[in-house]
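Step one of this worksheet: look at the structure below.
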Amino acid sequence: GNSVTQMEGPVTLSEEAFLTINCTYTATGYPSLFWYVQYPGEGLQLLLKATKADDKGSNKGFEATYRKETTSFHLEKGSVQVSDSAVYFCALSHNNAGNMLTFGGGTRLMVKP
Amino acid sequence: KAGVTQTPRYLIKTRGQQVTLSCSPISGHRSVSWYQQTPGQGLQFLFEYFSETQRNKGNFPGRFSGRQFSNSRSEMNVSTLELGDSALYLCASSPYQVRNTEAFFGQGTRLTVV
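As given, the protein sequences belong to chains A and B, one line each in that order.
Going by my numbering, the first residue of the first sequence is number 1, and it counts up by one from there.
Going by my numbering, the first residue of the second sequence is number 1001, and it counts up by one from there.
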């Protein structure tokens, strides 16, 4: 079946540091890949997505590239801010599964001033 | 445009009781999915409804059920509550049943079973 694995947290960084959160997936065919972010006490918000190999999703300074050869979708940001502190979830959806999302375990990011 | 609305936001129930949670999707969205979020198991898919039909179901016992109404609003029901059902229940809506459509999430209902 489909699965998503992402690095465990928490990840603690100083403001303006470079961020990488690793995500790898297992799926047949060509899933769509997503990064969602969850702020304290809130639901999930879509951060970025990629629907085919070599696509790069980007939003608010965050980027991730769909790498089929390594089945990865790592999240990066060049300079994090305190306001980026949240839990980040990597997820996939598959063509034959409607809108069902399979999520990774989540990575908590803490950015210190 | 109003977002996904889940009610109630918080619930406390006793073991053995049943509970009904409600989700109003974004206007025009026809797909509604439910997820359970716990510290131990993370985010797990419960079921998806599209045009009042259940299209997908996750690996949960039959005590978990749902339905969707003609206006796309959805409810999920959990019968014979167990302590392990304590979780944040998230609803997500999407405009179409295609794989690369963004899912919009509500703030969730925090269920505590005592």
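Virtual Cβ for every residue (Gly too), placed ideally from N, Cα, C.
Everything numeric in this text was worked out from a predicted model, so none of it was measured.
Endpoints, the beta strand (DSSP E) within which residue i is located
i, result
"F103 of chain A", "101-103"
"T5 of chain A", "3-6"
"Y88 of chain A", "86-93"
"K49 of chain A", "44-50"
"F1069 of chain B", "Per DSSP, F1069 of chain B belongs to no beta strand (DSSP E) and is neither H nor E."
"Q38 of chain A", "32-38"
"L1081 of chain B", "Neither: L1081 of chain B is in no beta strand (DSSP E) and is coded neither H nor E."
"T70 of chain A", "Run containing T70 of chain A: none; DSSP gives neither H nor E here."
"Q1006 of chain B", "1005-1007"
"Y1010 of chain B", "1010-1013"
Any C-beta of chain B under 9 Å from that of residue i
i, result
"M100 of chain A", "yes"
"Y36 of chain A", "yes"
"K49 of chain A", "yes"
"F18 of chain A", "no"
"F62 of chain A", "no"
Cutoff 9 Å: residue i Cβ touching any chain A Cβ
i, result
"V1019 of chain B", "no"
"Q1107 of chain B", "yes"
"L1111 of chain B", "no"
"Y1035 of chain B", "yes"
"F1104 of chain B", "yes"
"A1092 of chain B", "yes"
Same chain, Cβ closer than 6 Å to residue i, neighbours up to 5 away in sequence not counted
i, result
"A50 of chain A", "L33, G57, Y66"
"V37 of chain A", "Q45, L47, A86, Y88"
"E16 of chain A", "S79"
"T12 of chain A", "M110"
"R108 of chain A", "G9, P10, V87"
"Q1054 of chain B", "F1047"
Proximal residues to residue i (C-beta, below 8 Å), its chain only, five neighbours per side dropped
i, result
"G1016 of chain B", "T1080, L1081"
"T1101 of chain B", "S1031, S1094, P1095"
"S93 of chain A", "P31, S32, F34, N99, M100, L101, T102"
"R1009 of chain B", "Q1107, G1108, T1109, R1110"
"A91 of chain A", "V4, L33, F34, W35, Y36, L101, T102, F103, G104"
"P40 of chain A", "A86"
"G133 of chain A", "The shown model of chain A, from 1 to 113, leaves out residue 133 of chain A, and the question about it has no answer."
Neighbourhood of residue i by C-beta, 7 Å cutoff - its chain only, sequence neighbours within 5 removed
i, result
"A1087 of chain B", "Q1036, Q1037, T1038, L1111"
"T1020 of chain B", "E1075, N1077"
Identified DSSP bridge partners for residue i
i, result
"I1026 of chain B", "Partner(s): none; I1026 of chain B has no beta bridge."
"K112 of chain A", "A:S14"
"T1038 of chain B", "B:G1042"
"E76 of chain A", "A:T20, A:E63"
"G1106 of chain B", "In DSSP, G1106 of chain B forms no bridge with anything."
"E1048 of chain B", "B:S1033, B:N1056"
"Y1089 of chain B", "B:Q1036, B:T1109"
"V1019 of chain B", "B:V1078"
"G57 of chain A", "A:A64"
Spatially closest choice to residue i from the options, by CA coordinates
i, options, result
"A27 of chain A", "A:G1, A:T20, A:V111, A:T12", "A:G1"
"G1084 of chain B", "B:Q1054, B:F1064, B:A1092, B:R1009", "B:F1064"
"F1047 of chain B", "B:R1067, B:H1029, B:S1072, B:L1021", "B:R1067"
"K52 of chain A", "A:L19, A:E76, A:M7, A:E69", "A:E69"
"Q6 of chain A", "A:N59, A:G61, A:H74, A:L19", "A:H74"
"H1029 of chain B", "B:L1011, B:T1014, B:V1004", "B:V1004"
"G1062 of chain B", "B:L1090, B:A1103, B:Q1018", "B:Q1018"
"S1072 of chain B", "B:A1092, B:G1042, B:V1114, B:I1012", "B:A1092"
What residues in the segment 1042-1064 of chain B have a beta carbon less than 7 Å from any beta carbon of chain C? Among the protein chains in the structure shown, which are A and B, there is no chain C.
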